Structure formats: C-alpha cells, structure tokens
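Single-structure report; data block below.
Residue numbers (this note's numbering): 118 to 207.
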C-alpha cells in the first residue's frame, strides 16, 4: 500500500486549510508588550501594583505611568490584554 502525503490525505478528506500569515507587530506594539512585561515582572517581584508614591524608585514610577496610560487607552489595552495574568488592567 502506498503511503499518502499530508496533502493527499487532506484532499481525500476534502479538507482545505487556510494558512494565515504570522501577525507582524508594529514597533509601537512591540514596545507596549515589552513595557507590560516589565509591569508584570514588577508585580511578580513586589506582589503589588506599581505606584507613584514619593518613596518609589524611578523604575516603579515608570511602570506606574505605563500602566495608567495603557488602562486609559482601549487600543493599547487590547494589544497587551493577553499578557494580563494578574488582572492589572481589570
């Protein structure tokens, strides 16, 4: 018996695959994702949301500002929502 290729099997079963090209991110989306990963890292390390308080270091204040900006912009929020494992955007 002849061994069928994947394409032949799909043809036999009358299955057509739609190949989707990988999603290409814009530089802004890449920066948003990177910034939100830093916010997640801050939360993992300190077990709290970054804040603007007077004793906060510059990194914490930067994370707090980024988080505030993302929360206020639904388009930005939609880009990083899949990374929100701590419900920081909720």
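Yeah, the Cβ is synthetic: ideal placement off N, Cα and C, and Gly gets one too. These numbers were taken from a predicted model, which means no experiment stands behind them.
* Quick one: using the 10 Å Cβ neighbour count with 16 as the cut-off for buried, is residue 153 buried or exposed? => Within a 10 Å sphere around the beta-carbon of residue 153 sit 16 or more other beta-carbons, which makes this residue buried.
* **Integer Cβ distance of residue 184 from residue 205, believed to fall under 8 angstroms** => 6 angstroms
* Asked: Does the beta-carbon of residue 141 have 16 or more other beta-carbons within 10 angstroms, so that it is buried, or is it exposed?
  -> exposed
* Following the continuous alpha helix (DSSP H) through residue 152, name the residue where it begins and the one where it ends. => 144 to 163
* Would you check if the distance between the CB atom of residue 194 and the CB atom of residue 188 is smaller than 8 angstroms? => yes
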